[in-house]
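Note that the protein sequences, when read in sequence, are chains A and B. Heads up, the first sequence is in our numbering, so the first residue is 1 and it goes up one at a time. Heads up, the second sequence is in our numbering, so the first residue is 1 and it goes up one at a time. To start, the structure itself, in structure tokens.
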Amino acid sequence: MRVLVTGMGGELGTRVAQLLEERSEVREIVGVDFVPPRRRLRRSEFRRVDPRDREKLTDIVTEFAPNAVAHFGVYEPASRVSPRLAAEYTQACTVAALGAAARTGQLERVALRSGLVVYGRGRGRPGVPDETAPVAPTTPYGRTCLEVEALAVDLGRRHGFPVAALRMAHEAGSHVPSPLGRFLRLPVVPVPALADPAFQLLHQEDAARAMVAALLLGVDGPLNVVGPGAASVWQAVRLGGRIPWPVVGPGWRIATRVAELAGAPVPPHILELMTKGRTADGSKALEVLDLGTMRPTQEVCTELFEWAKVTPLRPTLPIAQVGT
Amino acid sequence: MSVSNSGGVTNVSVLPVYGVDPDRTQTTDLLTVIRRRIEGRYPVDPFGSDPQLQDLIAPFVTATVHVQVDHPERLPDDGPAVLVSNRGLGFVEPAALAVALRQEAGRRLRVIGAPDVPILGDLMRKLGAVMSYQNDLAALLRAEHVAAIPLGPTWLRTGAGTPPIQLLVAALGYPVIPVAVRPGGPLGLPLRPWRIAVGEPLAVKAKRGSGDPLAAAELAEAARDNVQRLIDQL
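Next up, the structure:
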């Protein structure tokens, strides 16, 4: 199997490539992204390309003619790039990479990164949707994810290959760049004063395992992938030993501005998660993908705060002897 | 705990519950609850429920609402189930039913019908209520909770109300138990203990997740008839 990994420069894309390298049925892996992979890859080939350079991206994909695509080129706003650029990259990467791969006639399956954001939050929407719930995103990132899903499903129908859309809870980990992580790590964290909504997280390793399983099994259709259990917003702040700053209504405008000045921009989907929560029923993915033990949401939340802990290595030689 | 079986392999994720059982009721005290909130170490489920907070306020509700249960052995000791009951306005009947389940089976009742509004909706979800959506009920039953579906409200507690057919689609394949709830005093006043009559589980032929609207309509009809019969017997 020849696998194309889009978004290979991200934490998740890199880890997916590493997991694919361990599988004997995967013969060749080619990755594309605008930044290099974050870990050492042994037999994957990485091509650095700006997703907006459609001609170059199309050439790479056409030349490789993949059988399978792990589409991580769905960029979260304010994660690695600005919200405007994230939407541009996502659209360009999806159209060019998936379109070119489908046109080669070799494509047999696609697994893509989507999010629980596609369900939206608010009146008329279930609190814990499963895959049969109507999709009605209420944020720009949600609409982007839904567009990616729609495009891939349409291509799959026309060219006859299955598309697994993994609607993941917010991916988190001690080393994953994420706007939610930056926000929760602020010393004082704005929280809704009159509510304490529940949300779910997904550990980076579980997200990567789910993607690999969906790709190798050739799953067709959407799957919610979430960390078991849930955490509430106030609870998450206290788990990190941070101070909650209760905010009401228009106060969020000031709070998000202050957070942005402190280095933690708050895109609309993160503001929605903080004020309305975001959970889903992930039982189908557990059954279909056979993921074994997954990291519970509260554990992932605790790990979010471990990134800053630096363990100094004790030198084995006196400093004067180093380099002599 | 989230469990599923696939191809003989069991997927198990052990949740941090900090000694709080998400299904069985327990006792707790104010100091423990406050300490846990400061540390952030307490269980929360995807519906927003906070079982430790429920254990804290349960003694006050139990002291206020007294219940007398006919056929308590018909209440489920474990596993998912749906209790279909009558109600007047608001949540008094479901609250009495929650006390009955806590008293007789030691389990938490998840009442369907939390309002989809800020503040009040959030508070009720913390106390275990769940919004009235088919998806939410399906997820609740898959997580093996006991759900209470109140029939449509009847202003003067005149009988069983209209059954929510859309919701009952999600209940197909699970044990559905009709329950009648009635205040003990004259003119429907709760002066004496509430009377609660638990019926036999209804026979449903449809499978779980079949989404059969006709089977749901038949189930709704059977539930309403059985609740009305139980009310008449009280």
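Idealized CB from N, CA, C, for every residue including glycine. None of the values given here were measured: they were computed from a predicted structure.
Paired residues, beta bridge with residue i - DSSP
{"i": "A/Ile243", "result": "A/Val188"}
{"i": "A/Ala198", "result": "A/Ser232"}
{"i": "B/Asn86", "result": "DSSP lists no partner for B/Asn86."}
{"i": "A/His175", "result": "DSSP, once it has assigned bridges, lists no residue as partnering A/His175."}
{"i": "B/Ile165", "result": "Per DSSP, none; premise fails for B/Ile165."}
{"i": "A/Ile254", "result": "Bridge partners of A/Ile254: none, in fact."}
{"i": "A/Gly221", "result": "A/Ala164"}
{"i": "A/His170", "result": "A/Leu201"}
{"i": "B/Pro43", "result": "Note: B/Pro43 sits in no beta bridge, so no partner."}
{"i": "A/Val3", "result": "A/Ile29 and A/Ala68"}
{"i": "A/Ala214", "result": "Answer is none; A/Ala214 lacks a bridge partner."}
Whether residue i touches residue j by CB criterion (7 Å)
{"i": "A/Leu116", "j": "A/Arg295", "result": "no"}
{"i": "A/Asp220", "j": "A/Pro162", "result": "yes"}
{"i": "B/Tyr174", "j": "B/Leu141", "result": "yes"}
{"i": "A/Ala208", "j": "A/Met168", "result": "no"}
{"i": "B/Ile149", "j": "B/Val92", "result": "no"}
{"i": "A/Leu261", "j": "A/Gly227", "result": "no"}
{"i": "A/Ala165", "j": "A/Pro222", "result": "yes"}
{"i": "B/Asn86", "j": "B/Ala206", "result": "no"}
{"i": "A/Pro77", "j": "A/Pro267", "result": "yes"}
{"i": "B/Leu137", "j": "B/Leu167", "result": "yes"}
{"i": "A/Val225", "j": "A/Ala285", "result": "yes"}
{"i": "B/Val198", "j": "B/Val82", "result": "no"}
{"i": "B/Glu104", "j": "B/Pro59", "result": "no"}
{"i": "A/Val233", "j": "A/Asp196", "result": "yes"}
{"i": "B/Gln26", "j": "B/Leu127", "result": "no"}
{"i": "B/Asp116", "j": "A/Arg185", "result": "no"}
{"i": "A/Val32", "j": "A/Leu20", "result": "no"}
{"i": "A/Leu146", "j": "A/Val118", "result": "yes"}
{"i": "B/Arg110", "j": "B/His145", "result": "yes"}
{"i": "A/Ala325", "j": "A/Gln106", "result": "What is shown of chain A runs 1 to 324, which leaves residue 325 of chain A out entirely."}
{"i": "A/Pro36", "j": "A/Gly9", "result": "yes"}
{"i": "A/Ala230", "j": "B/Asp45", "result": "yes"}
{"i": "A/Val356", "j": "A/Trp245", "result": "Residue 356 of chain A lies beyond the range of chain A shown here (1 to 324); nothing can be said about it."}
{"i": "A/Pro129", "j": "B/Asn135", "result": "yes"}
{"i": "A/Val5", "j": "A/Ala17", "result": "yes"}
{"i": "A/Gln204", "j": "B/Pro16", "result": "no"}
{"i": "B/Arg119", "j": "B/Ala147", "result": "As written in the sequence, residue 119 of chain B is Ile, which differs from the Arg given in the question. No, these two residues do not count as a Cβ contact at 7 Å."}
Minimum Cβ-Cβ distance from residue i to chain A less than 7 Å
{"i": "B/Ala215", "result": "no"}
{"i": "B/Met124", "result": "no"}
{"i": "B/Asp21", "result": "no"}
{"i": "B/Ser13", "result": "Reliability fails at B/Ser13, whose pLDDT of 49 lies under 50, so the model's placement of it is uncertain and the value that follows must be treated cautiously. With 7 Å as the cut-off, B/Ser13 counts as an interface residue toward chain A."}
{"i": "B/Ala206", "result": "no"}
{"i": "B/Asn135", "result": "yes"}
{"i": "B/Pro46", "result": "yes"}
{"i": "B/Arg164", "result": "In the sequence as presented, Arg is not what sits at residue 164 of chain B; that position holds Pro. Not an interface residue."}
{"i": "B/Ser2", "result": "Its pLDDT being 40, under 50, B/Ser2 is placed unreliably by the model, and the measurement read from it follows with that caveat. So, interface residue."}
{"i": "B/Pro94", "result": "no"}
{"i": "B/Pro115", "result": "no"}
{"i": "B/Asp70", "result": "no"}
{"i": "B/Ala139", "result": "yes"}
{"i": "B/Ile149", "result": "no"}
{"i": "B/Ile57", "result": "no"}
{"i": "B/Ile119", "result": "yes"}
{"i": "B/Gly40", "result": "yes"}
Residue i: contacting residues in chain C (beta-carbon distance under 8 Å)
{"i": "A/Asp50", "result": "You won't find chain C in this structure, because its protein chains are A and B."}
Cutoff 7 Å: residue i Cβ touching any chain B Cβ
{"i": "A/Val128", "result": "yes"}
{"i": "A/Gln235", "result": "yes"}
{"i": "A/Leu194", "result": "yes"}
{"i": "A/Gln204", "result": "no"}
{"i": "A/Pro268", "result": "no"}
{"i": "A/Leu239", "result": "yes"}
{"i": "A/Asp220", "result": "no"}
{"i": "A/Pro296", "result": "yes"}
{"i": "A/Gly99", "result": "no"}
{"i": "A/Pro228", "result": "yes"}
{"i": "A/Ala133", "result": "yes"}
{"i": "A/Asp53", "result": "no"}
Cβ distance (whole Å) where residue i is taken to contact residue j below 8 Å
{"i": "B/Pro43", "j": "B/Arg108", "result": "Not a contact, Cβ separation roughly 12 Å."}
{"i": "B/Met124", "j": "A/Gly127", "result": "That belief does not hold up - the Cβ atoms of B/Met124 and A/Gly127 are roughly 12 Å apart, past 8 Å."}
{"i": "A/Leu180", "j": "A/Ile270", "result": "5 Å"}
{"i": "B/Ile196", "j": "B/Ala96", "result": "7 Å"}
{"i": "A/Pro140", "j": "A/Arg80", "result": "A/Pro140 to A/Arg80, Cβ: 16 Å. No contact."}
{"i": "A/Arg113", "j": "A/Glu272", "result": "Rounded, the Cβ-Cβ distance is 19 Å, inconsistent with contact."}
Distance cut-off 6 Å: residue i Cβ against heavy atoms of the ligand MG
{"i": "B/Leu89", "result": "By its list of ligands, the structure shown contains no ligand whatsoever, and the ligand MG lies outside what it can speak to."}
- Query: Enumerated in chain order, which unbroken segments of the beta strand (DSSP E) with a length of 3 residues or greater are wholly contained in the region 28–59 of chain A?
  - Reply: The beta strand (DSSP E) runs of length 3 or more contained entirely in the region 28–59 of chain A are, from start to end of the chain, 28–33 and 44–48.
- Item | Sequence ranges, beta strand (DSSP E) only - wholly within the region 115–179 of chain B, length at least 3 | Scanning the region 115–179 of chain B from its first residue to its last, the whole beta strand (DSSP E) runs of 3-plus residues come out as 146–150.
- Can you check the region 56–103 of chain A for any alpha helix (DSSP H) of at least 4 residues that lies completely inside it and give the ranges in chain order? Complete alpha helix (DSSP H) runs here, min 4: 83–93 and 99–103.
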